[in-house]
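A quick write-up on the structure given underneath.
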Amino acid sequence: MDLNTFLTKMEQIKKMGWVKTHRGADTGVGKTLEDLLGITENNIDLPDLGETGELKAVRRNSSSLLTLFTLEPVRDMSWEEMLTKYGYVDKKGRYALKSTFSSSVYNAQNIRAVVKNDRINIVKRLDDGNEVILGYYDKELLAQKFLEKISKSLIYVPAHHRGRGANEEFLYDEVYLCKNFTGDKFLEVMENGDIYIDFRVHLKPSGAGRSRGTAFRIRKNKIDEFYETKERIL
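In full-length UniProt numbering, the protein residues as written are 1 to 234.
Written out as structure tokens, the structure is:
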């Protein structure tokens, strides 16, 4: 579907007003819009740019997190050492470290991301006030990972919503074209504290550490912040 056809259909959908969800789940906002548009692929052709844009419908003011990708940090200590020194015993009686944090403030487990020079350090503040680096990412490598995963252009639809579950309804009345995603913009969003990092590690009965993948996440209604320009087109 090209952009002009998409906008014509979006005008029709806007006139429909509130539409009941086609799926009573978190993905309902996107599924419903795709059904109304009659598409199965969430890509819109942008002839003027010579590329396609990813269609992303989100709930306005939603606090839910979208996983962008997973990437393990560089570590000077093994998972086993990290868990036994700085983890906790979970409900299953095993050492674990499950923590969500950003660069804005230390979380309840005294962990945060600290952007410094060419690195993004994962720092834990100890009870005595000292800090230890649990791992780190090279800024340029991380920015490149984002460039591989994020579309250069985004068709962003922030939908009004009301109700819950199978009775939720959406109002699709605005569309934005977001362009020019760059690694520098990612680093800016990271430093602003809008990207969250998820540690999901525990110690197996064998004594080996197991990571379910360190995830980079962002609030769904913030994904447009990755782009240099944002133009309302409906």
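Just so you know, even glycine gets a beta-carbon here, dropped at the ideal spot from N, CA and C.
(message) Tell me which residue opens and which closes the beta strand (DSSP E) that THR52 is part of.
(response) 51-59
(request) Report the three-state DSSP secondary structure of THR182 (helix, strand or coil). (result) coil
(message) Restricting to Cα atoms, I'd like to know which of VAL132, ASP35 and ASP128 is closest to ASN121.
(response) VAL132
(request) Might you give, ordered along the chain, the residues of its own chain that have their beta carbon closer than 7 Å to the beta carbon of SER63, omitting 5 neighbours on each side? (result) ARG219
(message) What residue range does the alpha helix (DSSP H) around residue 235 cover?
(response) No answer is possible for residue 235: the residues shown for the chain start at 1 and end at 234.
(message) So, with DSSP's three-state summary, where would you put LEU68?
(response) strand
(message) Once the 5 residues before and after GLY28 are set aside, which same chain residues still bring their CB inside 7 Å of it?
(response) Excluding residues within five positions, the ones whose Cβ falls inside 7 Å are THR21, HIS22 and GLU168.
(message) For THR32, report the span of its alpha helix (DSSP H) as first-last.
(response) 28-37
(message) Between GLY209, ILE233, GLY213 and LYS222, which has its C-alpha nearest GLU81's C-alpha?
(response) The closest CA to that of GLU81, considering only GLY209, ILE233, GLY213 and LYS222, is found on GLY209.
(request) Would you mind reading off the limits of the beta strand (DSSP E) that contains PHE226? (result) Run containing PHE226: none; DSSP gives neither H nor E here.
(request) Go ahead and label LYS124 buried or exposed: buried means 16 or more other beta carbons lie within 10 angstroms of its beta carbon, across all protein chains shown. (result) With a threshold of 16 other beta carbon atoms within 10 Å, LYS124 meets it and is buried.
(request) Would you mind working out which of VAL89, ARG200 and ASP184 sits nearest GLU225, comparing C-alpha positions? (result) It is ASP184.
(request) Determine contact between the region 153-162 and the region 171-179, defined as no fewer than three beta-carbon pairs at a distance below 8 Å. (result) yes
(request) Would you be able to state if there are at least three C-beta pairs under 8 Å between the region 38-57 and the region 196-211? (result) Too few Cβ pairs lie closer than 8 Å, so no.
(message) Taking the beta carbon of THR8 as the centre, do at least 16 other beta carbons fall within 10 Å, making it buried, or is it exposed?
(response) Result: exposed.
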